[in-house]
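A.B. asks: What follows is a single structure, and I will ask about it in a moment.
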Amino acid sequence: MSAVARLVLAYFTRTHGLRWLSLGGLIALVVGSAVLPYTVISDLTGVVAFLGGLALVVGAGLMPLMVGRMATSHVICVLPYGRLKLFLSALITVMLVSVPLPLFGVLAQIAQVPPSIAAQYTTWQVVKTGLYLFEAFYVTTFLAITWLYIALWFATSERNARGLAKALLVIIAVIYAPTQRIIDLDPKFHITTWEAILMWGAFGTWLAYVPGLRGRKRLLPERSGASNISGQEFDVLLGTARPWLVALGILFPITVQVLVGYKLPNTWLMYLTLFSAVSGALASRAAERSRAIWLRARWSREELFARVETAFWKHNIILLAVVLTTLVVVTRLYDLPARVIPLGVPLLLLGMTVSTYLGLMMTRGLRWSEATLAIVIMLSLMGTAVLANSERGDVRMVVGLLIVFAMGASVLRFTARARWHRIDWMLCRADRSESARLQG
Amino acid sequence: MNSAHVVARSLGKSFSEKRVLDNLSFSVEPGDVVGVLGKNGAGKTTLLEMMLGFSPATAGQVTLFGHDSYRMPADVKTRVGFVPQQDELLNALTAGDQLRLIASFYPRWDAALVERLCTAWGVNLGARIRTMSVGERQKLSILLALGHKPQLLILDEPVASLDPIARRQFLEQIVEVAADGERSVVFSSHIVSDIERLANRIWILKEGRLYWQGDLDSLKESIVRVHLRGATPLPERIEIPNAVSVRRDGNHVVAVVRDWDDGAARDLERRTGMTPEVETLALEEIFLELHR
Amino acid sequence: MFILNPQSGTPIYKQILEQVRRMVASGQLQPGAELPSVRELALKHAVNPMTISRAYGLLEAEGLLERNRGKPMTVAAQPRANAQLARRLEQIEPHLDHVVLAARQLQLSEAEVVKALRRKWGETDE
């Protein structure tokens with residue numbers, strides 16, 4: 002059992018940053034549980050509590066990758082009852098990280114009951130109701146987080162656009178249903194419980210048979226890439242040769258959503274903003290991919306940046322078209338407020354611009370400063386989207402934020418351009434450890 | 002008129018306070034095959050990549066065919082070939098696609114040569130790169146650098162993952178490249194025997210400095226192991242000039258000496274009163290002794 | 126034709142020099158005999174062609190080999206008899222060095238060594 006405990010601890014402390022995040026999540030859990038029943042619940046406390054609960058989930062974010070690696074390595078054969086311990090460690094981790102969010106939810110519910118009504122119930126009745134609610138929330142959260150970790154598995158094991166698209170697909174297509182149930186306070190948790198049992202059963206089965214899977218031939222034949230080469234060599238090297246594939250990857254979960262008829266219009270713009278940031282993820286790899294271009298193509302560093310920039314714009318136009326079309330369709334379909342389109346279009350355009358240039362700026366690998374900037378920008382974009390979408394949001398504020406984004410975009414472009422003009426490819430290697438060693 | 006392929010003058014490189022290369026001056030002439038030796042972390046990769054302009058120099062400069070390598074013009078780029086330590090292959094493509102992709106960047110590409118080598122080296126053109134083994138990937142990377150018949154070929158540990166047969170095939174190909182005396186090769190390798198076969202010039206990189214640069218032949222003639230054996234134990238302090246290392250074992254003193262010649266031999270005989278026994282060393286032993 | 130050891134302390138060009146000299150001296154290589162081209166030899170042994178052409182160049186300067194335009198190097202037609210002798214004596218030098226060194230270490234006198242040598246010579250005659 003100590004092996005299991007050690008594994009679980011390892012998941013939470015995989016990197017320095019994640020260790021602090023897990024600790025933060027733990028503190029948030031303790032503090033939140035003590036404080037929430039007595040605070041006034043507002044949007045702000047809701048967001049803070051949500052983020053606090055999410056910290057623990059993200060802290061163990063590399064667990065899927067670690068489990069995947071260990072499952073296909075000899076570790077699993079060497080450790081006695083290795084498969085069982087691996088399975089248990091994963092299960093326990095997900096069970097642990099699923100606690101904060103439902104707990105906060107229940108406490109918030111309790112806090113919202115007016116004192117006059119609360120006085121009518123005994124403490125024991127309150128606790129019983131709380132436990133009932135908690136059980137319902139917990140199972141749903143547990144399932145949602147299981148899916149989230151599957152999404153993270155795609156994103157972290159294949160660190161490219163494909164993995165990212167798959168991750169987004171999983172998040173959007175599958176997490177909505179349980180999260181909607183949470184919001185609607187509709188715990189059809191019998192179904193949810195079965196779903197959870199099914200998923201973990203499948204995982205356990207995979208774990209039990211996994212070495213046999215490794216040697217097996219691929220079930221699906223690979224698509225031939227031969228047809229893509231003519232005239233697009235630069236794009237192939239840079240990674241911008243298949244905008245339609247990425248667009249499709251974005252379109253699919255959107256279609257699922259439209260079909261499922263998800264009714265919270267507030268978050269539509271938010272998700273679309275997220276999608277427009279996918280281009281930023283691609284752009285962040287441009288520097289290391291351009292390494293192979295330096296010795297082959299005839300361009301100097303200055304010319305190279307100009308070409309790279311053009312390539313990304315050609316690529317992103319297509320994504321933008323998809324995303325904007327969806328915006329229009331969704332606005333019509335769900336009778337969103339009229340202002341969504343005039344505000345949403347520049348927001349999406351700016352979102353894509355800002356995230357692309359931020360990605361291009363990363364010519365020295367991913368550093369903490371840039372990662373923080375990325376998160377801040379993402380959150381601001383999403384926040385602006387929420388404001389733009391809701392009736393109560395101030396239009397002037399949104400416009401102001403859009404202007405800030407526009408100025409930010411041009412600053413980021415200036416920085417990206419300057420950095421590319423003196424790009425040092427020894428510092429943006431694919432092998433991060435080597436780059437880190439050089440940077441000290 | 003300087004016809005050297007590469008010239009470096011007081012080249013230095015630091016990454017945020019850390020000095021990786023220090024005051025390197027060297028040249029690569031047409032026809033040279035330069036073997037670069039050094040411990041891990043001595044700066045071999047940095048040196049090779051700076052020669053190709055991947056990274057700006059923090060001191061001094063390095064020029065390629067007369068042009069600053071950081072600002073290499075297009076025509077110079079077509080005359081150099083590079084095999085990096087970590088391959089830059091695109092996993093989604095097949096080997097054939099990757100070759101076609103790279104070939105499209107060069108005005109002159111010898112498809113017949115590449116095809117012949119693919120068959121001889123056993124590189125399956127239809128295989129998808131993500132399914133290829135490390136050795137196959139390395140072979141493909143080498144082919145990508147040979148196809149445009151570069152005048153200057155730079156290779157960073159090109160055979161680390163190849164079996165002895167594949168390595169021999171690679172060596173033969175380098176011999177072909179070097180045979181006309183106009184093209185030059187610079188390669189780093191841990192497999193000292195390969196360097197010993199192919200190189201006519203050796204650079205030994207130690208802690209970012211060029212500890213030795215010169216002909217391989219002169220290196221072997223100049224660094225020797227000298228044995229002094231006497232009937233009685235030798236005096237505590239024997240001063241052996243230019244000694245890289247000295248070991249004693251009773252009556253037997255073994256010293257590795259550099260800059261050895263007849264004059265040094267006579268000098269040593271005079272100092273110690275004994276006739277030294279001279280043992281010439283293989284390159285690997287020279288390298289080990291220099292790092293003792 | 127040659128046995129080359131790249132790992133030896135002796136540079137490759139020297140190994141070729143010594144082997145060619147020995148072979149010509151002993152008659153293994155007759156005048157007019159063709160030697161493999163630089164490229165051929167380099168490929169066969171997987172060694173640097175420059176080292177081979179250096180050896181060939183030195184042998185040509187010594188008069189042992191001659192260059193024919195467009196055709197491979199051949200053994201020179203009439204190596205002078207004196208040069209032959211000097212060459213052969215050169216071959217035996219390293220062996221004599223060994224003998225002298227060993228003799229000194231064993232503290233044998235010149236007379237004792239010459240006596241032993243004569244005895245050896247006599248033995249092999251029989």
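Protein chains in written order, with our numbering: chain A, 2 to 441; chain B, 2 to 293; chain C, 126 to 251.
Note that beta-carbon positions come from the ideal geometry of N, C-alpha and C, so glycine has one too.
Does the beta-carbon of residue 195/B have 16 or more other beta-carbons within 10 angstroms, so that it is buried, or is it exposed?
C.D. replies: Start at 1 with the first residue of the second sequence, and residue 195/B comes out as number 194. The residue is buried, with at least 16 neighbouring Cβ atoms inside 10 Å.
A.B. asks: Pairs of beta-carbons, one from the stretch 177-192 of chain B and one from the stretch 217-233 of chain B, closer than 8 Å: are there three or more?
C.D. replies: No contact exists between the stretch 177-192 of chain B and the stretch 217-233 of chain B.
A.B. asks: Identify whether residue 191/B lies in helix, strand or coil by the three-state DSSP scheme.
C.D. replies: Here residue 191/B refers to the residue found at position 190 when the second sequence is read from its first residue. Coil.
A.B. asks: Rounding to the nearest angstrom, what Cα-Cα distance links residue 221/B and residue 174/B in this structure?
C.D. replies: For this step, residue 221/B is matched to residue 220 along the second sequence. For this step, residue 174/B is matched to residue 173 along the second sequence. Rounded to the nearest angstrom, the two C-alpha atoms are 25 Å apart.
A.B. asks: Below 7 Å on C-beta distance, what does residue 103/B contact in chain A?
C.D. replies: Taking the first residue of the second sequence as 1, we reach residue 103/B at position 102. The answer, in chain order, is 297.
A.B. asks: DSSP three-state label for residue 214/B, please.
C.D. replies: Position 213 of the second sequence, counting from 1, holds the residue named residue 214/B. Correct three-state label for residue 214/B: strand.
A.B. asks: Below 7 Å on C-beta distance, what does residue 172/B contact in chain C?
C.D. replies: Locating residue 172/B in the second sequence gives position 171, counting from the first residue. Within 7 Å Cβ-Cβ: 171.
A.B. asks: What did DSSP end up calling residue 62/B once you bin it into helix, strand or coil?
C.D. replies: Indexing the second sequence from 1 puts residue 62/B at position 61. It is a strand residue.
A.B. asks: Residue 29/A: buried (16+ other C-beta within 10 angstroms of its C-beta) or exposed?
C.D. replies: Along the first sequence, read from residue 1 onward, the residue named residue 29/A stands at position 28. With 16 or more other Cβ atoms within 10 Å, it is buried.
A.B. asks: Assuming residue 136/C contacts residue 172/C (C-beta within less than 8 Å), just tell me the rounded distance between them.
C.D. replies: If you number the third sequence from 1, residue 136/C lands on position 11. If you number the third sequence from 1, residue 172/C lands on position 47. Not confirmed; about 11 Å, so no contact.
A.B. asks: Helix, strand or coil, according to DSSP, for residue 19/B in the structure here?
C.D. replies: Numbered from 1 along the second sequence, position 18 holds the residue referred to as residue 19/B. The answer is strand: DSSP assigns residue 19/B an E or B state.
A.B. asks: Would you kindly report the start and end of the unbroken alpha helix (DSSP H) that includes residue 132/B?
C.D. replies: If you number the second sequence from 1, residue 132/B lands on position 131. Segment: none, residue 132/B is in no alpha helix (DSSP H) and carries neither H nor E.
A.B. asks: In whole angstroms, give me the CA-to-CA distance for residue 96/B and residue 81/B.
C.D. replies: Within the second sequence, residue 96/B is the residue found at index 95, counting from 1. Within the second sequence, residue 81/B is the residue found at index 80, counting from 1. Cα to Cα, the separation comes out at about 21 Å.
A.B. asks: According to DSSP, is residue 200/A helix, strand or coil?
C.D. replies: Within the first sequence, the letter at position 199 stands for residue 200/A. Correct three-state label for residue 200/A: helix.
A.B. asks: Can you tell me which of 73/B, 285/B, 47/B puts its alpha carbon nearest to the alpha carbon of residue 198/B?
C.D. replies: Sequence index remark: in the second sequence, residue 198/B carries index 197 (1-based). Out of 73/B, 285/B, 47/B, 285/B has the C-alpha closest to the C-alpha of residue 198/B.
A.B. asks: Could you compute how far the alpha carbon of residue 100/A sits from the alpha carbon of residue 239/A?
C.D. replies: Taking the first residue of the first sequence as 1, we reach residue 100/A at position 99. Taking the first residue of the first sequence as 1, we reach residue 239/A at position 238. Computed Cα separation, rounded: 43 Å.
A.B. asks: Please confirm whether residue 131/C has its beta-carbon closer than 7 Å to some beta-carbon of chain B.
C.D. replies: Stepping through the third sequence from its first residue, residue 131/C is reached at position 6. Yes, residue 131/C counts as interfacial toward chain B.
A.B. asks: So, are the CB atoms of residue 188/B and residue 156/B less than 7 Å apart?
C.D. replies: The residue you call residue 188/B lines up with position 187 of the second sequence. The residue you call residue 156/B lines up with position 155 of the second sequence. Result yes, Cβ atoms of residue 188/B and residue 156/B sit closer than 7 Å.
A.B. asks: Note down, in chain order, each residue of its chain lying with its Cβ closer than 6 Å to the Cβ of residue 185/B, except the 5 sequence neighbours on either side.
C.D. replies: Residue numbering aside, residue 185/B sits at position 184 when the second sequence is read from its first letter. Cβ neighbours of residue 185/B beyond the five flanking positions: 6, 29, 31, 33, 153.
A.B. asks: Quick test of your reading: residue 11/B and residue 26/B, contact by CB under 8 Å. State the CB separation rounded to the nearest angstrom.
C.D. replies: On the second sequence, residue 11/B is found 10 positions in, with the first residue counted as 1. On the second sequence, residue 26/B is found 25 positions in, with the first residue counted as 1. 6 Å between Cβ atoms; contact.
A.B. asks: Around the C-beta of residue 193/C, are 16 or more other C-beta atoms found within 10 angstroms, so that it is buried, or is it exposed?
C.D. replies: Here the question's residue 193/C lines up with position 68 in the third sequence. With fewer than 16 Cβ atoms within 10 Å of its Cβ, residue 193/C is classed as exposed.
A.B. asks: Whole-angstrom Cβ separation of residue 62/A and residue 153/A, contact assumed at under 8 Å?
C.D. replies: Numbered from its first residue, the first sequence carries residue 62/A at position 61. Numbered from its first residue, the first sequence carries residue 153/A at position 152. That pair is a contact at about 6 Å.
A.B. asks: Between which two residues does the beta strand (DSSP E) containing residue 82/B stretch?
C.D. replies: Here residue 82/B refers to the residue found at position 81 when the second sequence is read from its first residue. Unbroken beta strand (DSSP E) run through residue 82/B: 81-84.
A.B. asks: Our contact map puts residue 13/B next to residue 61/B with C-beta atoms below 8 Å; I'd like the distance itself, whole angstroms only.
C.D. replies: Start at 1 with the first residue of the second sequence, and residue 13/B comes out as number 12. Start at 1 with the first residue of the second sequence, and residue 61/B comes out as number 60. Between residue 61/B and residue 13/B the Cβ distance is about 5 Å, and since that is below 8 Å, they are a contact.
A.B. asks: Using a beta-carbon distance cut-off of less than 7 Å, what residues from the stretch 190-203 of chain B approach chain C?
C.D. replies: Taking 7 Å as the Cβ-Cβ cut-off against chain C, the residues of the stretch 190-203 of chain B that qualify are 194, 197, 198, 199, 200, 201.
A.B. asks: Kindly list, in the order they appear in chain B, the residues whose Cβ is closer than 8 Å to that of residue 426/A.
C.D. replies: The sequence position of residue 426/A within the first sequence is 425, counting from 1. In chain order: 50, 55, 56.
A.B. asks: In three-state terms, what does DSSP make of residue 181/B?
C.D. replies: Residue mapping note: residue 181/B aligns to position 180 of the second sequence, counting from 1. Coil, per DSSP.
A.B. asks: If distances are taken between C-alpha atoms only, which option among 44/A, 349/A, 107/A comes closest to residue 403/A?
C.D. replies: Here residue 403/A corresponds to residue number 402 of the first sequence, with the count starting at 1. Looking at the Cα atoms, 349/A is the closest of the given residues.
A.B. asks: Can you give the Cα-Cα distance for residue 144/B and residue 5/A, rounded to whole angstroms?
C.D. replies: For this step, residue 144/B is matched to residue 143 along the second sequence. For this step, residue 5/A is matched to residue 4 along the first sequence. Cα to Cα, residue 144/B sits roughly 48 Å from residue 5/A.
A.B. asks: Taking only beta carbons into account, state which residues of the stretch 61-74 of chain B come closer than 7 Å to chain A, listed in chain order.
C.D. replies: Answer set for the stretch 61-74 of chain B: 72.
A.B. asks: Taking 7 Å as the CB-CB cut-off, is residue 174/C touching chain B?
C.D. replies: Here residue 174/C refers to the residue found at position 49 of the third sequence. So yes, residue 174/C belongs to the interface.
A.B. asks: Residue 7/A by DSSP, collapsed to three states: which one?
C.D. replies: The residue labelled residue 7/A in the question sits at position 6 within the first sequence. DSSP places residue 7/A in helix when its eight states are reduced to three.
A.B. asks: Measuring alpha carbon to alpha carbon, tell me which residue in 11/A, 40/A, 194/A is nearest residue 64/A.
C.D. replies: If you number the first sequence from 1, residue 64/A lands on position 63. Per the Cα distances, 11/A.
A.B. asks: Taking Cβ positions, are residue 84/B and residue 159/B nearer each other than 7 Å?
C.D. replies: The residue you call residue 84/B lines up with position 83 of the second sequence. The residue you call residue 159/B lines up with position 158 of the second sequence. The answer is yes: Cβ separation under 7 Å.
A.B. asks: Pull out every residue of the stretch 234-247 of chain A whose Cβ sits closer than 8 Å to any Cβ of chain B, in chain order.
C.D. replies: Those would be 234, 237, 238, in chain order.
A.B. asks: With 9 Å as the C-beta to C-beta threshold (strictly closer), list the residues of the stretch 299-319 of chain A near chain B in chain order.
C.D. replies: Per Cβ criterion, the list reads 299, 300, 301, 302.
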